[in-house]
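Reviewing the structure listed below.
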Amino acid sequence: MRAEESPGPAPVTDNSRTSEAGAGWACRKPGTFQELLPERVPDFSWRRPAVLWRSRNDVLARLFGDPTDTIRRRCVAALRERGTPAAFTVHRAAPEFSFVLLGDTGEGDKSQYAVVPPLLHAAADTDFMIIASDVIYPAGDAGEYPEKFFRPYKDYPGPIYAVPGNHDWYDGLRGFLHIFCDLDEDCSPPRWRGTLGFLPRLLWRRPGTVDTAALAEARRTYRGAPGQQAAQPGPYWAIDTPSLRIIGIDTGITGRVDREQGAWLREVSAGPKPKMLVTGKPIYVDDDHRPGPIEGGGTVDEIVRDPAHHYVAAIGGDIHNYQHYPVPLDDGRTIHYLVSGGGGAFMHGTHTIPRTSVVDESRFRCYPLRGDSLSRYSRLYGRWLRLPRLFELTPEEATAVIEHRLGIEPGRGYLDPRPSRRARFVAGMLGVPRGRRARPRFSHLPVRKLPQRFRSELADWDTPPFFKSFLRVDVTESELRIRCYAATGCGDHETSPPCEDEVPIPLR
Numbered sequence: 001m002r003a004e005e006s007p008g009p010a011p012v013t014d015n016s017r018t019s020e021a022g023a024g025w026a027c028r029k030p031g032t033f034q035e036l037l038p039e040r041v042p043d044f045s046w047r048r049p050a051v052l053w054r055s056r057n058d059v060l061a062r063l064f065g066d067p068t069d070t071i072r073r074r075c076v077a078a079l080r081e082r083g084t085p086a087a088f089t090v091h092r093a094a095p096e097f098s099f100v101l102l103g104d105t106g107e108g109d110k111s112q113y114a115v116v117p118p119l120l121h122a123a124a125d126t127d128f129m130i131i132a133s134d135v136i137y138p139a140g141d142a143g144e145y146p147e148k149f150f151r152p153y154k155d156y157p158g159p160i161y162a163v164p165g166n167h168d169w170y171d172g173l174r175g176f177l178h179i180f181c182d183l184d185e186d187c188s189p190p191r192w193r194g195t196l197g198f199l200p201r202l203l204w205r206r207p208g209t210v211d212t213a214a215l216a217e218a219r220r221t222y223r224g225a226p227g228q229q230a231a232q233p234g235p236y237w238a239i240d241t242p243s244l245r246i247i248g249i250d251t252g253i254t255g256r257v258d259r260e261q262g263a264w265l266r267e268v269s270a271g272p273k274p275k276m277l278v279t280g281k282p283i284y285v286d287d288d289h290r291p292g293p294i295e296g297g298g299t300v301d302e303i304v305r306d307p308a309h310h311y312v313a314a315i316g317g318d319i320h321n322y323q324h325y326p327v328p329l330d331d332g333r334t335i336h337y338l339v340s341g342g343g344g345a346f347m348h349g350t351h352t353i354p355r356t357s358v359v360d361e362s363r364f365r366c367y368p369l370r371g372d373s374l375s376r377y378s379r380l381y382g383r384w385l386r387l388p389r390l391f392e393l394t395p396e397e398a399t400a401v402i403e404h405r406l407g408i409e410p411g412r413g414y415l416d417p418r419p420s421r422r423a424r425f426v427a428g429m430l431g432v433p434r435g436r437r438a439r440p441r442f443s444h445l446p447v448r449k450l451p452q453r454f455r456s457e458l459a460d461w462d463t464p465p466f467f468k469s470f471l472r473v474d475v476t477e478s479e480l481r482i483r484c485y486a487a488t489g490c491g492d493h494e495t496s497p498p499c500e501d502e503v504p505i506p507l508r
């Protein structure tokens, strides 16, 4: 394959940047994903108090300290005792290959299944898949892998690797390690110290039992073909090829990397080979820099930026949309930082992202567009508050007020970008910032700062456009090419999904 060739489907020109139809606002035919749904589609789980209770480790880790470093060390020690590839590295001999990457794949509902048909059309010829955080949403339970992992991706022909997200850690990572690493071990945390140590000891959710027979049967039924099997060394790993080294790290619940994993990351990052990082927590997101602390000192981003390590891209999940920051460095290099968390879970709005200061706004990309995000949220709040005439903004109205408040170029060539007073009011209520001014700590209505488990219900819907996305990555000896494809849920887009961003990166 020559570098100038573009493997995979040719990117279509009609996307959310060119028309409302390209964004999925007007579907000419329904999506076939409806035919893939299980007989009983789960309702939105955050409504159930039991789910909130099973997710309590997130709150406990932030209040009393995150024990995932210790748990991870115990699990990695068990993997080493059993025998695992040196340096936790999988070797692939082909210098030219392709893979698909998506994060935060959802709850086994319509928005997760809406991603499947376009993914299979755009990435059926890829060599493997990577899930970048939160494989099992919302609480990481091992018993949910049959319906939320094996069944949705039963027709993807290649192996699947993953890095865990905070939700996968809510059961102590036991389900994740069983599925991806074939490790069935309870690596429970140590006893908390201090005066209030009895509280986390009492409240911390322990891993549940794993029904190995049921999971084995699900694997045989849905993903039992030899080509679908993967051997993942651990919760963090590297895939080494002659052209590119892909390195996946485990960022636990709060985003910190333990000391041993930090030493391993420095080791596998050494050398002149180009590298890509896959992480459960993005380094740049919402125009904010989150470098990723390492226990004992240093950050993940320091390792990524070190010119001796030759990183060209860093991709993280956790935030449920797509963002791209091509960050120029002082030495003349550019590292592409991406967020890819639109794999099926509810949507995090992009309309709360200020005009970017990390990179020039003209170089920043996000999906959905800020105007589409504001329009979608305005409809949700109009329905929720039973005030549709006040709150609901068309995509054109929402785009106009985004242009007005942020001072950016209007999208889609709308003729009249002047926003109405009502649109300006709704934008203020839903957290649209002004220019490059820092985002306020809260919106008048809960869009951003309200805890996720309470606001997520306001960002979940079962009709197109879903504004989900996935990445196709093609690698040759001289170039890495990343394309972000949209999954709108429209039947019009399933066989030729809109390409929302294309990132060619030279490897020489």
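Residues 1 to 508 in UniProt numbering are what the sequence shown spells out, letter by letter. Cβ coordinates follow ideal geometry from the N, Cα and C atoms, glycine included. Here the structure is a predicted model, which is why all the values come from computation and not from measurement.
Ranked by Cα distance from F33, the options S133, C490, E295 are led by C490. Here C484 carries a strand assignment [DSSP, helix/strand/coil]. Taking 3 residues as the shortest admissible run, the stretch 241-272 contains the following complete beta strand (DSSP E) segments, listed from N- to C-terminal end: 245-249. For secondary structure counted as the alpha helix (DSSP H) over 4 or more consecutive residues, the stretch 184-244 holds these complete runs in sequence order: 198-203, 212-222. Just measuring C-alpha positions, the residue of W461, P504, C499 sitting nearest E477 is P504. The criterion of a C-beta distance shorter than 9 angstroms is satisfied by P146 and A218.
Residue environment for Q229: exposed (fewer than 16 other C-beta atoms within 10 angstroms of its C-beta). In this chain, the beta strand (DSSP E) harbouring R365 covers 365-367. Distance from the CA of H351 to the CA of P226, rounded to the nearest whole angstrom, comes to 44 angstroms.
Here DSSP, grouped into helix, strand and coil, assigns T32 to helix.
In this structure R333 does not touch I303 by the C-beta definition: roughly 14 angstroms separates them, more than the 8 angstroms allowed. With distances taken between CA atoms, P395 lies nearest to Y377 out of Y377, L101, R386, H310. In this structure, DSSP gives Y113 a helical state, which the three-state scheme calls helix. A313 places its beta carbon 9 angstroms or farther from that of D104. It is roughly 22 angstroms from the alpha-carbon of G349 to the alpha-carbon of Y414. The closest CA to that of D155, considering only S133, A23, P118, T251, is found on P118. T488 places its beta carbon less than 9 angstroms from that of F466. C499 is bridged by DSSP to Y485. The three-state reading of DSSP puts F391 in helix, counting H, G and I together.
Note on geometry: alpha-carbon atoms of G234 and I253 lie some 17 angstroms from one another. About 7 angstroms separates the CB atoms of G172 and C187; that is less than 8 angstroms, so the two are in contact.
Contact between the stretch 61-76 and the stretch 256-265 is present: 3 or more CB-CB pairs across the two stretches fall below 8 angstroms.
The C-beta distance from V285 to I319 rounds to 5 angstroms, short enough to meet the 8 angstroms contact threshold. For T89, the uninterrupted beta strand (DSSP E) run begins and ends at 89-91, by DSSP. In this structure, the beta-carbon distance from E500 to I482 does not fall below 9 angstroms. By the criterion of a C-beta distance shorter than 8 angstroms, G407 is surrounded in its chain by R355, G435, once the five residues flanking it on both sides are discounted. Residue pairing from DSSP places M276 in a beta bridge opposite I246, A313. By the Cβ criterion, the stretch 261-278 is in contact with the stretch 240-247, since at least three pairs of Cβ atoms, one from each stretch, lie closer than 8 angstroms.
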